[in-house]
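For reference, the structure is listed below as structure tokens.
In my numbering, the protein residues as written are 4 to 180.
As structure tokens, then:
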């Protein structure tokens with residue numbers, strides 16, 4: 004009984020130490036380490052309200068605020084920010100992707116292209132253009148209401164903001180080397 008316990012303990016000990024050695028030996032760092040090199044802990048989020056798409060701009064502001072907390076893991080502040088993110092909508096569209104046998108659209112894609120200007124904690128300006136898509140299905144013969152359009156726009160914006168996070172992480176890695 005003691006031999007079996009000792010063997011299990013020894014195997015667990017070996018696997019743990021080997022995993023620890025691999026992760027530290029290869030220089031692994033989570034992406035949040037590189038993000039913090041660019042953005043810091045406090046972010047001021049600004050959305051340029053477009054006269055062409057004022058409702059979408061309001062939804063973009065909500066999506067950006069959500070992303071600051073959930074995606075970037077930072078605090079949202081109005082002044083004394085480490086980083087300022089200024090977003091504007093370059094383009095947005097809602098296109099049918101698939102039709103039923105009667106010719107009615109049943110699958111749509113909401114697409115958004117955002118321009119992001121990030122002024123980092125070193126007062127360096129980074130300009131990014133990111134796009135996001137969101138596909139959704141509707142029942143045949145149905146009309147898409149405004150709420151469905153805005154929800155799909157918000158999801159596409161969140162996808163674009165995730166790509167923005169990846170771009171910021173990439174720049175953080177470049178600055179690390």
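Ideal Cβ placement from N, Cα and C applies to all residues, glycine included.
Per DSSP, the beta bridge partners of residue 120 are 89 and 130. Pairing residue 100 with residue 145, the inter-Cα distance amounts to about 15 Å.
Under the three-pair Cβ rule at 8 Å, the segment 49-59 does not count as touching the segment 17-25. Here the segment 101-118 does not lie against the segment 68-81, with fewer than 3 beta-carbon pairs under 8 Å apart. Under the three-state reduction of DSSP, residue 139 is assigned to strand.
Counting the other CB atoms within 10 Å of its CB gives residue 150 a total below 16, which places it among the exposed residues. Rounded to whole angstroms, the Cβ separation of residue 115 and residue 156 is 6 Å, and the two are in contact under 8 Å.
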